[in-house]
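Here the structure comes first, spelled out in structure tokens, and everything after it is commentary.
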């Protein structure tokens, strides 16, 4: 093989990733950049994509399949949402073609939960869900990130899901509140940090105290000399522990818990699962999104 | 009377309030400004105080009693903390005199809870507690603000307390996360706003979902056209409802719940108590701090 067959793109809010793929799903070339939706909206989505296609020498005939924020209202072409309960195959059948482009370019829709009290949306994660299906019938999928998702999946149907603003709240609190004084000059830490582990457990048990517990990053510094790195590890653990308290509360008890993550978030969340004595299996998030885009490519380009 | 007897100052992080008082606790003159600790630390605390003393024509013989952040380590003169369980009268006996000032100027200490897992500090609220004692023996005191406090008081002993970063988290989330798009150009709202009331109840019942519920301010806008004012009212209600879930969990069941507040926060918190069907009594926060400072003045200046 090794003949380029299509191009797969994961286009997030702040990141752009492109893979040149052969028909069997092997990666022939890869591009990563910070030209996410925010940047691309001002540079032009077509321009950004073209430059990367050129860099991997993609011929004009190669089709492209895209997931993520490129399909948002503020994105390239709005690709709408499939509503829950959402069969994952309907994500494929609702892909939208980018008009006025000679090349065959398709954007996958997101998934929406139009509940009155718990409205929610995802874009990009539906493709990871498609690519991490495996053999489990009932799964609760934890997908950490800026806006982490906890998703209930029954066979290939997304039944319900919840976004948690874990990553973004960490950022806002550590930069724009009094907590910044407690964690200025923090070193990096990982999931083995005792302050992280204690905080995950504490918040999991007392989620109602969340806005109090975060203050202990500051008061712990004032009264106990808590160091900056421990304060940052503590804040991270409190946010993740609270997320687990919420995410696990929407689980069916028989569900297999799946962590779809990679990099630093993978190790942090694996440590959180371990700290809470929970069984889980990890699926690499990069692999999951490529697998999902491969399914989409086969359905869009090669099924007929 | 109406003869000036002393000057009372509530010196917060971002606000300065001064009252010229007679011996019976009547207010003869008042000053309010934004010269809180942050500003005063660069202008000089003595300079700021002098200018306001001059403005109310306070004679050189008048003594001054101060509570709040002027006693913090980064303040004027560090006034330390009294530890819980803290008899409120010991706050008075631990006042610190500002050295190298001809005028008799005293700063009250804060209260610290040196617990390993729930360290906490207050500065200024101890004076409001002193001034809101009344006749109740067991009380749970809710003191809304940038860092709200919920305080257990048994007779005149502060037994335990918890800070909740409600006001500051509202600010950080509404200005520095994706939620800002949902609430840009929000009008002001009050506690009768249906989105506020629903959110208080929702968060009180599901505090574990806090970082998810806040995301519904955004997803509600995307999916249901939630308007900016409702989104802001919703975020406020979610933060206050979560605070209630945490604050009430530390209450003795027999305690009288006291709200010490004034202005907009008073009406919001009164609406939250009503939404949750909780009995409470309100004490005006301005009156409470002046009463507390009056007790301190009598103990420091007139008891001998």
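Residue numbers (our numbering), protein chains in the order written: chain A, 1 to 304; chain B, 305 to 608.
Glycine included, C-beta positions come from ideal geometry on N, C-alpha and C.
How many angstroms separate the CA atom of residue 339/B from the CA atom of residue 372/B? It is roughly 13 Å from the alpha-carbon of residue 339/B to the alpha-carbon of residue 372/B.
Contiguous beta strand (DSSP E) assignments of at least 3 residues, all confined to the region 31–82 of chain A: Fully enclosed beta strand (DSSP E) runs of no fewer than 3 residues occupy 64–68 of the region 31–82 of chain A, in order along the chain.
What do you get for residue 47/A, buried or exposed, if any count of 16 or more other CB atoms within 10 angstroms of its CB means buried? Flag for residue 47/A reads exposed.
Please confirm whether residue 152/A and residue 255/A have their CB atoms less than 8 Å apart. Contact flag set, yes.
Would the region 411–419 of chain B and the region 373–383 of chain B be scored as touching if the rule is three or more Cβ pairs under 8 Å? Between the region 411–419 of chain B and the region 373–383 of chain B, the count of C-beta pairs closer than 8 Å reaches three or more; the two stretches touch.
Compare the Cα-Cα distances from residue 462/B to each of 347/B, 424/B, 580/B and report the closest residue. By alpha-carbon distance to residue 462/B, the top candidate from 347/B, 424/B, 580/B is 424/B.
Taking Cβ positions only, does residue 500/B come closer than 8 Å to chain A? Interface residue (Cβ-Cβ distance to chain A less than 8 Å): residue 500/B is not classified as such.
Going along the region 459–485 of chain B in order, which residues come within less than 9 Å of chain A, judged by CB to CB distance? Under the 9 Å Cβ criterion, the region 459–485 of chain B contributes 466, 467, 468, 469, 470, 472, 473, 475, 476, 477, 479, 480, 481, 482, 483.
Let me check understanding here. Comparing Cα to Cα, which of 327/B, 319/B, 458/B, 568/B lies closest to residue 607/B? Among 327/B, 319/B, 458/B, 568/B, the Cα nearest to that of residue 607/B is on 327/B.
Leaving aside the five residues before and after residue 449/B along the sequence, list all residues of the same chain whose C-beta is less than 6 Å from its C-beta, in chain order. Within the same chain, residue 449/B has close Cβ partners 471.
Below 8 Å, how does it come out for the region 176–186 of chain A and the region 230–246 of chain A: are there three or more Cβ pairs, yes or no? Contact between the region 176–186 of chain A and the region 230–246 of chain A is present, with at least three C-beta pairs closer than 8 Å.
Residue 516/B: contacting residues in chain A (beta-carbon distance under 7 Å): Under the 7 Å cutoff, chain A gives 162, 163, 164, 246.
Is residue 584/B close to chain A? Criterion is C-beta to C-beta, closer than 8 Å. Judged by the 8 Å Cβ criterion, residue 584/B is not in contact with chain A.
Rounding to the nearest angstrom, what Cα-Cα distance links residue 50/A and residue 7/A in this structure? Roughly 12 Å between the two C-alpha positions.
What residue range does the alpha helix (DSSP H) around residue 239/A cover? Taken as a continuous stretch (DSSP letters only), the alpha helix (DSSP H) holding residue 239/A covers 228–249.
Using the three-state DSSP reduction, which class does residue 114/A fall into: helix, strand or coil? In the structure shown, residue 114/A sits in coil (DSSP, three-state: anything other than H, G, I, E or B).
What are the partner residues of residue 320/B, as DSSP defines its beta bridges? As a beta-bridge residue in DSSP terms, residue 320/B pairs with 315/B, 337/B.
Would you give the residue range spanned by the alpha helix (DSSP H) that residue 139/A belongs to? Premise fails: residue 139/A lies in the beta strand (DSSP E), 138–143, not in any alpha helix (DSSP H).
For residue 430/B and residue 587/B, what's the separation of their Cα atoms in angstroms? One C-alpha to the other measures close to 14 Å.
Taking Cβ positions, are residue 584/B and residue 563/B nearer each other than 8 Å? In this structure, residue 584/B sits near residue 563/B, with a CB-CB distance shorter than 8 Å.
Under 8 Å, CB to CB, which of the residues in the region 332–344 of chain B have a partner in chain A? Listed in sequence order: no entries.
Can you pull the DSSP bridge partners for residue 560/B? Residue 560/B pairs with 443/B.
Identify every residue that forms a DSSP beta bridge with residue 261/A. DSSP links residue 261/A through a beta bridge to 284/A.
Provide the residue span of the beta strand (DSSP E) that contains residue 153/A, from first to last. Residues 148–154.
Tell me, please, which residues DSSP counts as bridged to residue 310/B. Partner(s): 325/B.
Taking the alpha-carbon positions, what's the residue 19/A to residue 214/A distance? Answer to the nearest angstrom: the Cα atoms are 40 Å apart.
Could you round the C-beta distance between residue 174/A and residue 155/A to whole angstroms and report it? I think they count as a contact, below 8 Å. With a Cβ gap of about 40 Å, residue 174/A and residue 155/A do not count as contacting.
Using a Cβ-Cβ distance cut-off of 8 Å, determine whether residue 424/B contacts chain A. Taking Cβ atoms only, chain A reaches closer than 8 Å to residue 424/B, which makes this a yes.
Determine the DSSP secondary structure at residue 478/B, reduced to helix, strand or coil. Correct three-state label for residue 478/B: helix.
Excluding sequence positions up to five away, which residues of its chain have a Cβ less than 6 Å from the Cβ of residue 434/B? Sequence-distant partners of residue 434/B (beyond 5 residues in either direction) whose C-beta falls short of 6 Å from its own C-beta, in its chain, are 392, 596, 599.
What residue from 330/B, 317/B, 581/B has the CA that sits closest to residue 591/B's CA? Comparing Cα positions, the closest option is 330/B.
With C-beta atoms as the reference, is residue 162/A less than 8 Å away from residue 237/A? Cβ atoms of residue 162/A and residue 237/A: not closer than 8 Å.
Unbroken beta strand (DSSP E) run spanning residue 122/A, endpoints: Per DSSP, residue 122/A belongs to the beta strand (DSSP E) from 120–122.
Drop a sphere of 10 angstroms on the beta-carbon of residue 611/B, count the other beta-carbons inside from all chains shown, and report buried for 16 or more, exposed for fewer. Nothing about residue 611/B can be reported from this structure: the residues present for chain B run from 305 to 608 only.
At least one CB of chain B closer than 8 Å to the CB of residue 183/A: is that the case? Not one chain B Cβ lies under 8 Å of residue 183/A.
Short-range partners of chain B found in the region 49–64 of chain A, where Cβ spacing is below 8 Å: Of all residues in the region 49–64 of chain A, none has a Cβ within less than 8 Å of some Cβ in chain B.
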